[in-house]
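Structure, as structure tokens:
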Amino acid sequence: MFQSIIQFFSQFPPEIATVLMAMTPVGELRLSLPVAVLGYHLPVWEAYLLAVFGNAIPAFIIAAFAGKFHAWVVRRAGRWGKDWADYLASVQKKFTGPYEKYGLWGLAIFIGVPLPMTGAWSGAVAAFIFGIPFKKSWPYILLGIAISGLLTLLLTVGADKIFWP
């Protein structure tokens, strides 16, 4: 699988491929950093900066525009849109307790843990669903991306030293 990923992105220069891989919703940093360091042999600092930048792009778009997109869908979707808006309001109301308990640090930690179904895409969507305004959530989303990148990079460099001395 590792080779097929590198082969697919081989049509791009390694730096651009790293950014593009980091933008994918499934791979994010968990894909782009190991490929950049182990496959493309980019310097660790360059791989980290490119991957974090690439991962931040879709997170920024989701966090900044999900509310506007949601409002547009609700206006155009008739009864279904009203039902969805009501459901979203009920989710936001249920979240009030945990949000007050864990706050924005919980969002950063959720994004920062490099496991499946966590990451920048999921965190940006969660911030929208839970009604956290963009201006408040964005610094913590970015912090979570940076943490996830560091953890992934540490695992990658460690794996490199363990399996390919």
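Residues in the sequence shown are numbered consecutively from 0, following numbering that gives the first Met the number 0.
Heads up, the beta-carbon is just placed ideally off N, CA and C, and yes, glycines get one too.
Check whether the Cβ atoms of residue i and residue j sit closer than 8 Å, and answer yes or no.
{"i": "S89", "j": "G53", "result": "no"}
{"i": "V72", "j": "G80", "result": "yes"}
{"i": "L28", "j": "S147", "result": "yes"}
{"i": "L154", "j": "G111", "result": "no"}
{"i": "V36", "j": "V124", "result": "no"}
{"i": "S55", "j": "A119", "result": "The residue asked about is misnamed: residue 55 is Ala in this sequence, not Ser. It is a contact, given that the beta carbons lie within the stated cut-off."}
{"i": "L106", "j": "I140", "result": "yes"}
{"i": "A58", "j": "G122", "result": "yes"}
Quick check: what's the CA-CA separation for residue i versus residue j?
{"i": "V18", "j": "W83", "result": "34 Å"}
{"i": "R74", "j": "Q6", "result": "44 Å"}
{"i": "P33", "j": "L152", "result": "7 Å"}
{"i": "P115", "j": "V25", "result": "8 Å"}
{"i": "I161", "j": "A21", "result": "Summary for I161: the model assigns pLDDT 48, below 50, so the residue's position carries little reliability, and this model does not support an answer."}
{"i": "F127", "j": "I108", "result": "16 Å"}
{"i": "I61", "j": "Y101", "result": "22 Å"}
{"i": "P13", "j": "D85", "result": "45 Å"}
{"i": "G77", "j": "F68", "result": "15 Å"}
Quick one: give me the first and last residue of the alpha helix (DSSP H) that residue i is part of.
{"i": "V43", "result": "V43 to R75"}
{"i": "G122", "result": "A119 to I128"}
{"i": "T17", "result": "P13 to M22"}
{"i": "S31", "result": "E27 to P33"}
>> Does the structure place the region 133-143 close enough to the region 42-49 that three or more beta carbon pairs sit under 8 Å?
In response: Flag = no, the region 42-49 and the region 133-143 do not touch.
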